[in-house]
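Here's the structure, in structure tokens; my notes come after.
2 protein chains.
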Amino acid sequence: MSTVIFEPTGRRIEVEAGANLLDVCWAHHIPIESLCGGNGACGRCAVQVTEGEVPITAEQRAHFDEERLARGWRLACQTRVEHDLRVNVPAPAGSLKSHIITSGEAPKVHVAPAVRKHFLKLNDATLREPLSDSERIKRALPDGARLRFRPAALRKLPETLRQGRQHVTVTVWDNAVLDVEAGDATRHNYGIAFDIGTSTVAALLVDLNTGDELGVAAALNTQRKYGEDVISRISFCREHTDGVETLEREIAGLLSDLAAQVTAARGIDLSHVYEYVAVGNTTMAHLVAGVDPSPLGEMPYAPVFTACHTMLDGPKGAQLGHRPFELPAAIGAYVGSDALTAVVALELHTKPGTRLFYDIGTNAEIIAGGPDRMLAASAAAGPAFEGVKIECGMIGVAGAIDTCTLRDGDLAFTTIGDAEPVGICGSGLVDIAAVLLDLGVIDPSGRLLPRDACPDTVPPKIRARLHEAKGTTRIALAEDVYLSQRDVRELQNAKAAIAAGVDILLHHLGVTPDQLDEVLVGGAFGSTLNPRSAQRIGVIPAVKLDKVRAVGNTALQGAKAYLLSTDLRREICAAREHIELHELSTEPDFTDRFAAHMPFAVG
Amino acid sequence: MSTVIFEPTGRRIEVEAGANLLDVCWAHHIPIESLCGGNGACGRCAVQVTEGEVPITAEQRAHFDEERLARGWRLACQTRVEHDLRVNVPAPAGSLKSHIITSGEAPKVHVAPAVRKHFLKLNDATLREPLSDSERIKRALPDGARLRFRPAALRKLPETLRQGRQHVTVTVWDNAVLDVEAGDATRHNYGIAFDIGTSTVAALLVDLNTGDELGVAAALNTQRKYGEDVISRISFCREHTDGVETLEREIAGLLSDLAAQVTAARGIDLSHVYEYVAVGNTTMAHLVAGVDPSPLGEMPYAPVFTACHTMLDGPKGAQLGHRPFELPAAIGAYVGSDALTAVVALELHTKPGTRLFYDIGTNAEIIAGGPDRMLAASAAAGPAFEGVKIECGMIGVAGAIDTCTLRDGDLAFTTIGDAEPVGICGSGLVDIAAVLLDLGVIDPSGRLLPRDACPDTVPPKIRARLHEAKGTTRIALAEDVYLSQRDVRELQNAKAAIAAGVDILLHHLGVTPDQLDEVLVGGAFGSTLNPRSAQRIGVIPAVKLDKVRAVGNTALQGAKAYLLSTDLRREICAAREHIELHELSTEPDFTDRFAAHMPFAVG
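Protein chains in written order, with the numbering used here: chain Z, 5 to 607; chain L, 5 to 607.
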């Protein structure tokens with residue numbers, strides 16, 4: 005028997021040696037695509053083997069290039085399980101993608117990107133005026149004198165002009181000529197915005213001529229196998245001499261896969277993607293740049309860089325066509341570029357009023373204020389709200405319990421993708437805790453009461469779910485899915501950290517919660533969160549619920565805006581200067597406030 | 005028996021199979037270094053096998069890295085000749101180097117290079133103000149806000165700051181941070197200027213802090229095996245699909261070797277070379293950039309590029325530390341960047357007066373004028389003045405006849421390096437022709453008279469040198485070295501093309517030769533040229549001889565100035581705008597003038 009662990013759910017299945025991997029998926033209802041019935045024809049059952057060996061056969065070679073084979077890609081239908089394996093099964097079209105949030109509120113942007121394509125009909129050089137090709141191009145372009153050819157574009161130039169008979173499309177980025185193409189290729193002008201989260205990574209393909217979104221691809225961050233949260237990835241870098249290179253290679257490969265996927269879906273050639281913008285937390289930004297994030301893990305938590313970083317040839321090892329790759333500026337070590345682009349996406353820096361914005365991912369970033377003054381902080385909430393470090397926790401993908409209500413005297417759940425429940429994601433956790441607090445199954449101190457200690461008002465079906473295991477109380481939610489006392493403590497820690505952070509920022513701002521015009525919740529967590537539940541557990545302050553709004557993936561939308569407008573880039577930089585970063589751990593009353601927020605409000 | 009052809013002299017030697025290559029050199033007086041007597045210890049007998057196979061043994065591996073082995077480098081003492089070989093024997097220290105001209109007139113330059121090194125003692129980041137490392141550096145630098153880190157510098161930053169305990173040297177180039185080093189490394193700040201000629205390549209190591217020249221390395225252009233002149237290299241590119249790549253790889257390897265050599269000689273680490281500037285004819289510039297020069301070989305002879313071209317990571321395949329590599333602007337297809345830097349080196353664009361400047365290399369570039377108006381042209385002289393296409397011609401290296409005079413009723417020669425004469429270089433050719441014209445052995449029509457047709461005044465020893473071979477007249481110069489009737493015709497073509505070009509430029513300028521303030525002759529040819537001989541054969545117009553001056557390698561000196569001064573870069577660009585390029589082949593009276601200059605002046 006061999007063990008196969010299926011990602012992203014983490015399900016472990018024992019299989020007999022020699023079993024066909026696609027058959028195993030089918031037998032255990034693991035969602036996987038296949039159009040040809042498993043005879044190796046359609047290529048849809050592609051999976052990534054991240055641990056364990058699967059030989060590269062001719063059948064595998066027929067579907068993947070060397071580079072993807074080396075990264076473990078195999079057709080499940082052509083794979084026999086001979087050893088223990090860890091296999092990442094990409095969600096079927098539309099499933100994972102729809103659960104990794106990529107849409108969100110976005111600013112109005114006048115489309116004026118850094119990348120411009122110009123179609124030129126050049127006059128032939130003459131013997132009397134034998135101008136060089138590059139000179140004729142520069143003269144035909146607005147402000148052409150300042151342009152410099154990138155070496156690759158210059159290399160292509162003579163053959164391109166010959167092919168196009170002096171009709172040429174010139175792609176200009178900043179003051180550089182990035183590419184030349186024969187004929188009129190102006191309509192193929194694309195960029196990709198990446199949102200690099202600790203758990204998930206999303207790619208958004210954007211038409212740089214029109215500003216249209218052309219497609220989205222998303223995947224779990226494959227760095228997860230080296231640590232689930234940023235702290236453990238930082239530790240991995242500190243503990244392994246090739247740690248940075250390993251994580252850098254991992255993310256470069258993933259970004260390349262997503263870019264290939266999102267362009268292929270629209271039949272777009274990757275060579276027509278001229279610029280990439282990636283936002284993410286500061287640790288992710290360091291790793292994409294190949295920069296050791298270790299200083300982020302030790303006092304005084306100073307990043308190596310926060311300013312906008314441009315990699316003209318893209319991240320090392322990435323297959324992104326050697327095009328400019330921008331990492332917008334971060335606000336600080338634990339308030340990343342994703343928070344900055346969110347500020348701009350939400351127009352917090354220009355819209356009158358005082359707002360509170362959270363992005364609760366693996367860490368919680370908090371922004372409070374408005375055009376006059378804006379404060380930012382990062383609350384070390386831990387990854388509980390991402391479903392991590394919760395015993396049956398999971399990130400928000402198919403099978404995760406994402407909502408919980410009281411119905412017919414019992415707990416009722418929904419799951420992402422309406423799949424069999426296999427775990428609890430952040431919003432589910434908040435809902436479950438809120439319902440249990442209302443019922444009194446969790447008391448204000450955070451104790452998950454044993455069955456016998458429950459108030460009499462607790463319905464029998466719920467009471468029946470309570471049981472003791474491994475010396476602590478649990479409440480069963482589904483087969484093999486439960487919430488434990490330890491999970492509630494994790495939740496308390498997380499919500500107290502956030503609530504204390506909010507307290508401190510509002511205090512510095514001199515406003516009380518009721519003076520806030522809006523409370524905006526970003527990220528995947530925000531989009532499925534029940535605001536009432538969030539307020540019940542204390543992660544949203546005492547404001548009227550109609551002031552609370554889920555704003556979606558503002559980080560990605562902000563990155564898209566960054567791609568589309570050079571004016572907005574300047575605006576982002578200016579906004580950043582204006583944000584005051586507060587390091588909560590240096591606030592004298594943080595500990596007190598944290599302790600004060602540890603209990604839940606009395607119901 | 006196998007044949008070994010020794011470069012640069014082209015000597016062919018038949019050797020028995022299995023012969024030791026160092027022994028062969030010794031036996032035939034081929035200058036080669038060896039300190040250990042041939043036991044593989046000193047490594048001085050390194051040669052480059054450019055054709056034929058020599059196996060890579062453990063002894064060879066002990067001395068060369070993979071990259072050099074792949075390029076044919078071997079120790080002669082560890083090489084057995086088993087097949088026909090072509091072997092390039094680097095000249096012993098000081099010999100080739102001293103014959104490739106690297107010194108020359110240079111402009112006064114205020115040292116203000118693009119590369120600046122700054123030593124900073126940073127304050128530690130604090131918990132209260134956890135500024136990023138890059139931000140602390142920018143704040144400590146003049147005009148730091150505009151700086152962007154190159155990816156490689158950012159990668160190094162955290163470890164560098166840790167090692168130097170916040171004492172760091174930051175290398176800035178333009179608006180980019182190129183490198184960071186622990187501690188104070190400001191005094192190690194170097195650049196290399198390359199002069200890439202069709203036949204020879206020179207590297208000049210410059211201290212960018214002081215402007216001092218620290219050393220020179222020079223070598224034959226290893227592209228020569230694909231064609232001796234630019235036209236044949238352009239043809240090679242047209243005829244071979246990988247032609248451009250082949251020539252590009254060749255020059256990248258050679259530049260890498262020269263840079264390694266010139267830095268090693270001073271114990272300087274290549275990582276302290278921060279910028280490269282390379283001048284050369286336009287074909288060479290295209291090949292360094294990996295750009296197909298084919299358009300230079302067909303009407304209307306329009307280059308692919310003439311503007312300054314910067315390769316931020318250096319030429320493809322070069323081992324130059326991925327540092328910025330600048331190709332200054334060219335004037336046109338056949339008047340390269342070397343002519344432009346020469347103009348600046350000689351201050352032709354600022355110094356009052358009217359001057360004529362030639363650089364007679366494989367082609368002849370002519371500049372005429374002064375600050376008010378300056379004209380440029382390229383005369384398709386062919387490579388005769390470089391000793392190419394002359395039956396016993398050779399470039400100006402050891403063994404080349406470089407001067408000829410009449411002494412004791414016979415021809416007397418000197419050779420470069422006082423070596424046995426093995427051929428004739430350009431200046432030798434001019435001298436020989438001038439002497440023979442004076443004697444009447446060559447008549448004004450260019451006929452090399454047979455012994456019996458010579459005037460009676462020709463001394464018997466010279467008369468005895470004349471003989472017939474292969475149906476034409478020759479004059480013997482040394483064992484196996486002669487001048488033929490065909491050679492005289494080549495010379496006539498070359499000098500007529502130059503003289504016609506000079507005529508036309510002076511005509512457009514509205515001056516006669518006697519109105520010229522100076523005639524400046526650049527390049528290797530100029531430095532050994534006898535002005536009287538040059539005037540005798542008609543390659544220098546009718547000016548007083550004291551107005552004629554050899555100015556040395558102004559191209560390389562101009563490139564050095566380019567390295568040292570950003571002001572001068574701007575000046576060079578401005579000077580280029582001001583130069584009128586004349587395409588001689590489109591001048592209506594070029595053919596007439598060319599024909600008129602074909603005969604020699606009557607003595």
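All C-beta atoms, glycine included, are put in the ideal place defined by N, C-alpha and C.
For clarity, every value in this text was computed on a predicted model and none was experimentally measured.
Would you say residue i and residue j are within 8 Å of each other, going by their C-beta atoms?
{"i": "V426 of chain Z", "j": "S537 of chain Z", "result": "no"}
{"i": "A349 of chain L", "j": "E109 of chain L", "result": "yes"}
{"i": "A306 of chain Z", "j": "P35 of chain Z", "result": "no"}
{"i": "A438 of chain L", "j": "I541 of chain L", "result": "yes"}
{"i": "A380 of chain Z", "j": "I371 of chain Z", "result": "yes"}
{"i": "I235 of chain L", "j": "G325 of chain L", "result": "no"}
{"i": "A404 of chain Z", "j": "I436 of chain Z", "result": "no"}
{"i": "S48 of chain Z", "j": "E37 of chain Z", "result": "Reading off the sequence, residue 48 of chain Z comes out as Arg, not Ser. Closer than 8 Å, so yes."}
{"i": "D137 of chain Z", "j": "V308 of chain L", "result": "yes"}
Apart from the five residues on each side of it in sequence, which residues of its chain come closer than 6 Å, Cβ to Cβ, to residue i?
{"i": "S107 of chain L", "result": "G556"}
{"i": "G168 of chain Z", "result": "A186 and G187"}
{"i": "V277 of chain Z", "result": "Y194 and I196"}
{"i": "I200 of chain Z", "result": "A282, G284 and M288"}
{"i": "D121 of chain L", "result": "The sequence shown places Lys at residue 121 of chain L, rather than the Asp named in the question. These residues qualify, in order along the chain: T173, T175, T190 and N193."}
How should residue i be labelled, buried or exposed, when 16 other C-beta atoms within 10 angstroms of its C-beta is the threshold for buried?
{"i": "E369 of chain Z", "result": "buried"}
{"i": "D593 of chain L", "result": "exposed"}
{"i": "T2 of chain L", "result": "Examination of residue 2 of chain L is not possible in this model, given that chain L is present from 5 through 607 alone."}
{"i": "N497 of chain L", "result": "buried"}
{"i": "T477 of chain Z", "result": "buried"}
{"i": "G271 of chain L", "result": "exposed"}
{"i": "S260 of chain L", "result": "buried"}
{"i": "T164 of chain L", "result": "buried"}
{"i": "M398 of chain Z", "result": "buried"}
{"i": "Q82 of chain L", "result": "buried"}
{"i": "H582 of chain L", "result": "exposed"}
{"i": "P332 of chain Z", "result": "buried"}
{"i": "M303 of chain Z", "result": "exposed"}
{"i": "S140 of chain L", "result": "It is worth fixing the name first, because residue 140 of chain L is Arg in this sequence and not Ser. It is buried - the Cβ of R140 of chain L has at least 16 other Cβ atoms within 10 Å."}
{"i": "V606 of chain Z", "result": "exposed"}
Less than 8 Å between C-beta atoms, sequence neighbours within five positions excluded: which residues of the same chain meet that for residue i?
{"i": "T54 of chain Z", "result": "E11, G76, R90, V91, N92, T226 and K229"}
{"i": "T570 of chain L", "result": "A116, P117 and A118"}
{"i": "V462 of chain Z", "result": "L443, G444 and V445"}
{"i": "E472 of chain L", "result": "P454 and R478"}
{"i": "S298 of chain L", "result": "I238, C241 and R242"}
{"i": "A504 of chain Z", "result": "A383, L588, F594, R597, F598, A600 and H601"}
My guess is that residue i and residue j are in contact by the Cβ rule of under 8 Å, so how many angstroms apart are they, rounded?
{"i": "L572 of chain Z", "j": "I508 of chain Z", "result": "That pair is no contact at about 30 Å."}
{"i": "I479 of chain L", "j": "R469 of chain L", "result": "5 Å"}
{"i": "G430 of chain L", "j": "G391 of chain L", "result": "5 Å"}
{"i": "T407 of chain Z", "j": "G432 of chain Z", "result": "6 Å"}
Excluding sequence positions up to five away, which residues of its chain have a Cβ less than 7 Å from the Cβ of residue i?
{"i": "D88 of chain L", "result": "S6, T7 and G56"}
If you measure from the CB of residue i, is any heavy atom of the ligand ZN nearer than 7 Å?
{"i": "R166 of chain L", "result": "Here there are no bound small molecules, and the ligand ZN is not part of this structure."}
Next on the checklist: Please identify, using Cβ separations under 7 Å, the residues of the region 468-479 of chain L that lie next to chain Z, in order along the chain.
Outcome noted: Residues of the region 468-479 of chain L whose Cβ lies closer than 7 Å to any Cβ of chain Z: none.
Item to check | Proximal residues, the region 283-307 of chain Z versus chain L, C-beta separation under 8 Å | outcome: A293, G294, V295, D296, S298, P299, M303, P304, Y305, A306 and P307
Item to check | Residues within the region 127-149 of chain L neighbouring chain Z, beta-carbon criterion of under 7 Å | outcome: A129, T130, L131, R132, P134, L135, S136, D137, S138 and E139
Next on the checklist: Output needed in chain order: residues of the region 566-593 of chain L with a Cβ under 9 Å from some Cβ in chain Z.
Outcome noted: Those would be L585, E587, S589 and T590, in chain order.
Item to check | Near-chain Z residues of the region 236-264 of chain L (beta-carbon distance less than 9 Å), N- to C-terminal order | outcome: V248
Item to check | Residues of the region 322-351 of chain Z with Cβ closer than 7 Å to any Cβ of chain L, in chain order | outcome: G336 and A337
Checklist entry - Name the residues in the region 152-186 of chain Z whose C-beta lies less than 8 Å from a C-beta of chain L; which are they? => result R152, F153, P155, L158, R159, L161, P162 and E163
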